[in-house]
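If you're matching them up, the sequences are chains U and F in order. Each residue of the first sequence is one higher than the one before, counting from 1 in the UniProt record's numbering. Each residue of the second sequence is one higher than the one before, counting from 1 in the UniProt record's numbering. Every residue, glycine too, gets a C-beta built ideally from N, C-alpha and C. Computed from a predicted model, the values in this text were never measured in an experiment.
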Amino acid sequence: MEVGQMQRQWIDYTRSLFIEGFLDAQFLQLEQLQDDNNPDFVVEVVSLFFQDSHKLLNDLTVALDQKSVDFKMVDAHVHQLKGSSSSIGAQRVKNCCIAFRNLCEEQNIDGCLKCLHQVKQECCLVKNKLETLFRLEQQIMAAGGSIPLMELSF
Amino acid sequence: MDSHKLTALVVDDDRMVRIIHGKMLNSVGVKNQVVQNGKEAINVHLSGQTFDLILMDLDMPIMNGIEAIKELRSMGICSTIAGVSARSMESHIQEFMEAGLDEYLEKPLNISKLTSFIHKFYVTN
Numbered sequence: 001m002e003v004g005q006m007q008r009q010w011i012d013y014t015r016s017l018f019i020e021g022f023l024d025a026q027f028l029q030l031e032q033l034q035d036d037n038n039p040d041f042v043v044e045v046v047s048l049f050f051q052d053s054h055k056l057l058n059d060l061t062v063a064l065d066q067k068s069v070d071f072k073m074v075d076a077h078v079h080q081l082k083g084s085s086s087s088i089g090a091q092r093v094k095n096c097c098i099a100f101r102n103l104c105e106e107q108n109i110d111g112c113l114k115c116l117h118q119v120k121q122e123c124c125l126v127k128n129k130l131e132t133l134f135r136l137e138q139q140i141m142a143a144g145g146s147i148p149l150m151e152l153s154f
Numbered sequence: 001m002d003s004h005k006l007t008a009l010v011v012d013d014d015r016m017v018r019i020i021h022g023k024m025l026n027s028v029g030v031k032n033q034v035v036q037n038g039k040e041a042i043n044v045h046l047s048g049q050t051f052d053l054i055l056m057d058l059d060m061p062i063m064n065g066i067e068a069i070k071e072l073r074s075m076g077i078c079s080t081i082a083g084v085s086a087r088s089m090e091s092h093i094q095e096f097m098e099a100g101l102d103e104y105l106e107k108p109l110n111i112s113k114l115t116s117f118i119h120k121f122y123v124t125n
């Protein structure tokens with residue numbers, strides 16, 4: 001596949017991630033911060049997010065499995081996940097966390113368990129989507145091309 | 001004052017947020033340091049360092065943002081402090097402001113919010 005085709009594929013794929021709500025404008029902020037001094041900044045930050053979110057999701061699973069659930073602790077973990085997901089622009093994960101916090105406030109254990117399942121799914125989905133995006137970028141760079149500038153005009 | 005002459009301290013328990021906020025400050029020419037909680041922020045000041053700006057997270061272990069700001073102000077630290085948090089409830093923001101903040105910035109932080117904050121308190125000549 002020639003570079004121009006790969007770049008168009010990258011543009012279409014990136015656009016779909018925003019239209020489907022996986023990413024929001026905050027992700028573009030990360031891309032703006034990437035430069036020649038830190039060419040892998042976005043990949044590194046996103047990797048950190050998935051490392052940290054993996055631990056948080058495990059902590060949430062344990063916390064919700066207790067006989068007497070400490071909803072304050074659950075809420076604290078969800079608040080942290082909400083903050084970090086919003087910092088990388090993982091919009092659907094963030095939105096799940098907002099719903100999750102409401103359920104914590106209601107001390108709705110069944111609702112919280114359903115939400116936990118949903119958050120795990122959304123984290124998995126956005127992880128796969130971003131891995132595909134980064135693979136496309138690597139292919140473009142390997143072919144001697146550059147990553148197009150993306151603006152939110154849709 | 002030109003933002004390139006400013007210094008900042010980023011206080012956040014989330015390492016990813018420390019990296020992002022540090023990079024944002026670098027991108028607008030503000031030299032910065034990062035620490036993980038309010039206690040470390042106090043210790044950095046006790047070691048003799050001062051900063052023009054402090055970006056202070058609210059929820060942190062060991063010492064949270066509210067406790068840290070109260071302590072810094074009681075130490076006579078006059079830095080411009082922005083509380084940075086994902087919380088949006090009025091009551092939480094009010095408590096944070098009353099601790100001694102100059103500004104509250106809701107997460108996620110972006111370059112636009114950051115430069116507006118810097119320009120508000122440090123007007124370029």
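Within a Cβ cutoff of 8 Å, which residues of the same chain sit near F154 of chain U, ignoring the five residues on either side of it in sequence? Because F154 of chain U sits at a pLDDT of 49, beneath the cut-off of 50, its placement in the model cannot be relied upon, and the point is left open.
Going by other Cβ atoms of all chains shown within 10 Å of its Cβ, with 16 needed for buried, is R18 of chain F buried or exposed? Buried is the call here.
For C78 of chain F and G48 of chain F, the rounded distance between their alpha carbons: Cα-Cα distance, rounded: 14 Å.
Thinking C-alpha only, which one of U:L81, U:C97, U:L125 is nearest Q114 of chain U? Looking at the sequence itself, residue 114 of chain U is Lys, so the reference to Gln does not match. Taking only the C-alpha atoms, the option nearest K114 of chain U is U:C97.
Proximity to K129 of chain U [Cα-Cα], best of U:L23, U:E106, U:G4, U:C104: For K129 of chain U, the nearest C-alpha among the options comes from U:L23.
Under 7 Å Cβ-Cβ, which residues of chain U neighbour A82 of chain F? What A82 of chain F touches in chain U, judged by beta-carbon distance under 7 Å, is nothing: the nearest beta carbon there is about 16 Å away.
Anyone know if the C-beta pair for L56 of chain U and H77 of chain U falls short of 8 Å? A contact, by the Cβ cut-off of 8 Å.
DSSP three-state label for I77 of chain F, please. DSSP places I77 of chain F in coil when its eight states are reduced to three.
Please list the residues of the region 15-47 of chain F that have a C-beta atom closer than 7 Å to any C-beta atom in chain U, keeping them in chain order. The residues in question are R15, M16, V17, I19, I20, K23, M24, S27.
Give the single residue among F:I54, F:D13, F:V84, F:V28 whose Cα lies nearest to the Cα of N37 of chain F. The option with the nearest alpha carbon to N37 of chain F is F:D13.
Is the Cβ-Cβ distance between I42 of chain F and A68 of chain F less than 8 Å? For the pair I42 of chain F and A68 of chain F, the CB atoms are nearer than the 8 Å cut-off.
Contact belief for D52 of chain U with M56 of chain F at Cβ below 8 Å, rounded distance in angstroms: Contact flag wrong, Cβ pair sits at about 20 Å.
Run the CB neighbour count on G29 of chain F, radius 10 Å, all protein chains shown included, and call it buried at 16 or more, exposed below. G29 of chain F should be labelled exposed.
Could you check whether the Cβ of L114 of chain F sits closer than 7 Å to any heavy atom belonging to the ligand COA? In the structure shown, the ligand COA is absent, as is every other ligand, since no ligand is present at all.
Among residues of its own chain, excluding the 5 on either side of C112 of chain U, which ones have a beta-carbon nearer than 7 Å to its beta-carbon? Setting aside the 5 residues that flank it on each side, C112 of chain U is surrounded in the same chain by L64, V74, F100, L103, C104, each with a C-beta closer than 7 Å to its C-beta; the list follows chain order.
Does any C-beta atom of chain F lie closer than 8 Å to the C-beta of D70 of chain U? With 8 Å as the cut-off, D70 of chain U does not count as an interface residue toward chain F.
Which one of U:R92, U:E2, U:E31 has the shortest CA to CA distance from K120 of chain U? Measuring from the Cα of K120 of chain U, the nearest candidate turns out to be U:R92.
Straight-line CA distance for D59 of chain F to K113 of chain F? Cα to Cα, D59 of chain F sits roughly 20 Å from K113 of chain F.
Give the residues from the region 1-27 of chain U that approach chain F closer than 7 Å (Cβ to any Cβ), ordered along the chain. Correct list: Q26.
Inter-residue spacing [alpha-carbon to alpha-carbon] between N125 of chain F and Q66 of chain U: Summary for N125 of chain F: the model assigns pLDDT 44, below 50, so the residue's position carries little reliability, and this model does not support an answer.
Which listed residue (F:G65, F:L53, F:F117) has its alpha carbon closest to that of M97 of chain F: Nearest C-alpha to M97 of chain F: F:G65.
Can a CB atom of chain F be found closer than 8 Å to the CB of H79 of chain U? Yes, H79 of chain U lies at the interface with chain F (some Cβ there is under 8 Å from its Cβ).
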